[in-house]
Amino acid sequence: MGTMCMVSLFILNYLTHFCHHIGLYELWKTGRYKSYPPDMLVDLVARILALVPPWTRVYRVQRDIPMPLVTSGVEHGNLRELSVARMKDHGTQCRDVRTREVGIQEIHNKVRPYQVELIRRDYVANNGWETFLSYEDPEQDILVGLLRLRKCSSDTFKLELKGGVSVVRELHVYGSVVPVNARDPSKFQHQGFGMMLMEEAERIALKEHASHKISVISGVGTRNYYRKLGYELDGPYMSKTFHILSATC
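If you want it as structure tokens, here you go:
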């Protein structure tokens, strides 16, 4: 029997806050529920962040609840910052997408990528073949852009993705925003990283997945970008069909 593996691409880590007028507050008030001590909570989150794989993005570490409203539980509004500092004490580091993206590194650590190269990571999730493509500076562990590619399994229910189709679930180039049709050599957007990621995704879809079509989950505002790459509207997706010429003797 095969094993189905579920892999999270995005994490929202919502820790328990105790506020007035909620059921859990009454349990805490009567001693039937105890929250983590603040220092133990920082240590726990630090250990969790150290386990996050490089293709996952931790969106949130705590809820945006004003601290004056919190009676127990999380006592700091900067829990992520405290946890990352604790990781240094442990000799570990957080390697999620958010921590490594180039804009964050430029702002917080004042470093820029020196040598950027294509990195590929493959894994199985939910009975499908996932490929995480990225342009990174591996020496400094800085992420410039990423693409999430999936070879759809036979379990897919979307008609557009049935019968040997690969799908690009996300394409993202990080850094400061550059207007469309503009160029800034000091920035990373509109420097061709997105196009190179799409070219590699198409190569994998055709040569390794043996797919007859590649589709992109695209917002309305980015459809023209994919049209320039030869994609056409296909239901809610932008798709390109591979025309494979059979060899003749």
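Letter by letter, the sequence shown follows residues -21 to -1, 1 to 228 of mature numbering (1 follows the signal peptide of the UniProt record, and there is no 0). Each residue gets a CB set at the ideal place from its N, CA and C atoms; glycine is no exception.
Using a 10 angstroms sphere on the CB of I121, the tally of other CB atoms reaches 16 or more, which defines it as buried. Closest in alpha carbon position to S132, among L126, L125 and L140, is L140. Remark: C-beta atoms of R127 and V144 do not approach each other more closely than 8 Å. The beta carbon of R74 lies closer than 6 Å to those of P33 in the same chain, with the five residues before and after it left out. Shown here for Q119: same chain residues with a beta carbon closer than 8 Å to its own, the five before and five after excluded, namely Q84, V90, P92 and Y93 in chain order. For D116, the closest C-alpha among the options Y102, F172, V95 and H151 is that of V95.
A Cβ-Cβ distance of about 7 Å is found for the pair K130 and S190, placing them in contact under the 8 Å criterion. For V40, the closest of A29, V24 and L30 by C-alpha to C-alpha distance is V24. The alpha carbon of F221 has as its nearest neighbour, out of K186, R202, L30 and G154, the alpha carbon of K186.
Under DSSP, E149 takes part in a beta bridge, and its partners are R127. Taking all protein chains shown into account, T9 has fewer than 16 neighbouring C-beta atoms within 10 Å of its C-beta and is therefore exposed.
Beta bridge pairing from DSSP links S194 with V146 and S218. For L97, the closest alpha carbon among the candidates K13, G82, K207 and L176 is that of L176.
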